[in-house]
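Its first residue numbered 18, the sequence shown is counted upward by one per residue in this note's numbering.
C-beta atoms are modelled at their ideal positions from N, C-alpha and C, and glycine is treated no differently.
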Amino acid sequence: MRTELFIDGKWVPGSQGMFPVLDPSTGQVITSVARAGLDDLDAAITAAHAAWPRWAATPPRRRGEVLHRAFEAMTARRDEIAALISQEMGKSLADAQAEVAYAAEYFRWFAEEAVRIGGELRTAPGGANHILTFRRPVGVSLLLTPWNFPAAMATRKIGPALAAGCTVVLKPAEDTPLTALLLADLLAEAGLPNGVVNVLTTDKPGDLVEPALADERIRKLSFTGSTRVGRILLAQAAGHIVKCSMELGGNAPFVVLDDADVDAAVEGALLAKMRNHGQACTAANRFLVQESVADEFTAKLVSAMRDMSSAPLVNERAVTNVQSKVELSGGTVRLGGKRGNGPGFSYPPTVVTGLPRDSVLAREEIFGPVAPIFTVQDDDDVVAFANATEMGLAGYVYTTDLARGLRLSERLEAGMIGLNRGLVSDPAAPFGGVKESGLGREGGFEGIGEYLETTYVATSW
Ligand code: NAD
């Protein structure tokens, strides 16, 4: 298990001591990892900055080959990586294995995208000359990842950055630094040159990130986390007009219309709500069910969620937070609702009905295994309630009328819609949100563009 900082291809101790990493299923310390200080930050940025020209000039095919080897190594070492994710984050081994497969796909997808970076030749409207465009890597990128998908959130940023020819400094979340360190090991083994990826761990992120954004060598910030922290970082990035991608919080509506296949909707709801024990930014946050199917949907969801096991949330703060939202919700608890007495940070699958629309469970991101169910009248009512939030990441619609589903998808203010599908995450699709859920897209054809600049040449012919 790696516990030191990874700077310029070497493992080095942090200058600010160590901090503990806990196992959420027991609350016990797994190990301690290095706490990076300002000297370490400078060393990491210096290494990334020095490595950048060579990496940017490395043929795209070569860059893609390194990513492809990393994909193969992740796939081969799936169980080992999954065990570590499960240990430090608390998700089940099966969820962790699924995460590793999903995370590895970002390396494969961007290995293939590396060779498709192209420019354009356009004829100027007057016909007298041409406009030639080409793309180049933006430069040293600061990547900040959350704890809920410790591997996938990192590969979703490292993959496109490296494919584009950028070098990076990655700072993982303080709850889950071990997976990021393992990824660094794996990339080094895949033949990544020294300095291209550097990993700094700390439990005092503000102390490191603010100075990093004040360093003019950092040209790009990609952040996944809460809207609260995203707002702070955007203000800090304004200093040097750092190019920003922000994947922030969500408040996804899960809509079940009167013509839906209710069993399929329940199956989709389990995925959208319970994957990662509700700790996903795309998680269904509000269930909007049309009245004629509300009783059937609620009864079937309660029964399906009752059969699921209780799993730990990431830390004690998360449990207190979810518990207090349920208590303040003003609804009727139909399942769960009380934390167990066992060790660790567990919270049971919970269903709440009879809620006012301004309930805290509708207004705020829950980030736990709680399904609040609301009834809605018609499509206009769905749109009004679904869009009554400052967030706009994901949404889900269940209907057997495809045209109705598509019309509704167009009206929902969200970056991603699952139409009769409870899972929207896909490395080949553009992932991201509108409104206060973020800026930019990760994955898909769009993802690599976040790490590229466009230059144009005005020709005289
Ligand atoms: P968080 O915002 O608290 O932390 C995210 C990252 O920011 C961590 O690496 C943390 O160390 C760092 N950080 C925290 N305070 C900082 C500061 N003052 N300066 C610099 N960095 C700081 O979020 P979290 O609790 O780890 O994750 C949960 C949130 O992330 C939820 O809101 C969820 O919706 C969101 N999320 C979004 C996506 C997405 O793609 N849109 C994916 C996963 C999670």
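Give every residue of the same chain whose Cβ lies closer than 7 Å to the Cβ of residue i, excluding the five residues on either side of it in the sequence, and list them in chain order.
i      : result
Phe151 : Gly136, Thr472
Leu217 : Leu22, Ala53, Asp57, Leu58, Ala61, Val186, Lys188, Leu225
Thr43  : Pro360, Gly361
Gly371 : Gly348, Thr349
Quick one: is the Cβ of residue i within less than 7 Å of any heavy atom of the ligand NAD?
i      : result
Ser239 : no
Val157 : no
Phe271 : no
Ala446 : no
Pro41  : no
Ile249 : yes
Val246 : yes
Phe391 : no
Leu55  : no
Ala51  : no
Pro163 : yes
Met433 : no
Phe124 : no
Using the Cα positions of residue i and residue j, report the straight-line distance between them to the nearest angstrom.
i      : j      : result
Pro163 : Gly266 : 11 Å
Val46  : Ala100 : 16 Å
Asp375 : Val393 : 14 Å
Ala269 : Glu129 : 31 Å
Gly31  : Ala201 : 16 Å
Lys27  : Ala65  : 13 Å
Gly455 : Glu227 : 20 Å
Ala475 : Pro154 : 20 Å
Ala319 : Lys237 : Before going on, a small fix: residue 319 reads as Val here, not Ala. When rounded, the distance between both Cα atoms is 45 Å.
Gly295 : Val310 : 24 Å
Leu138 : Ile148 : 6 Å
Ala190 : Asn215 : 15 Å
Gly176 : Tyr468 : 10 Å
Asn165 : Asn338 : 16 Å
With a 10 Å radius around its C-beta and 16 neighbouring C-beta atoms as the bar for buried, classify residue i as buried or exposed.
i      : result
Glu344 : exposed
Phe271 : buried
Gly466 : buried
Trp69  : buried
Leu55  : exposed
Lys108 : buried
Asn293 : buried
Arg248 : exposed
Trp478 : exposed
Arg458 : buried
Lys355 : exposed
Can you list, in chain order, the residues of its chain whose CB lies under 6 Å from that of residue i, leaving out five sequence neighbours each side?
i      : result
Leu250 : Phe240
Phe88  : Ala121, Phe124, Arg125
Thr219 : Arg52, Ala53, Leu225
Ala131 : Pro77, Arg80, Gly81, Ala180
Quick one: what's residue i bridged to in DSSP?
i      : result
Pro154 : Leu469
Thr187 : According to the sequence provided, residue 187 is Leu. The question's Thr does not apply to it. Note: Leu187 sits in a beta bridge opposite Leu160, Val216.
Cys261 : Leu238
Val350 : Val369
His147 : Thr140
Arg303 : Pro270
Val46  : Leu39
Val414 : Val272, Leu436
Only counting the same chain, and skipping five residues up and downstream in sequence, which positions put a Cβ closer than 8 Å to that of residue i?
i      : result
Phe391 : Arg303, Phe304, Leu305, Val306, Leu372, Arg374, Ala379, Phe402
Ser426 : Gly412, Val414, Ile434, Leu436
Val157 : Ile62, Ala65, His66, Trp69, Cys183, Thr184, Val185, Val186, Arg234, Ile235, Arg236, Lys237
Val246 : Phe240
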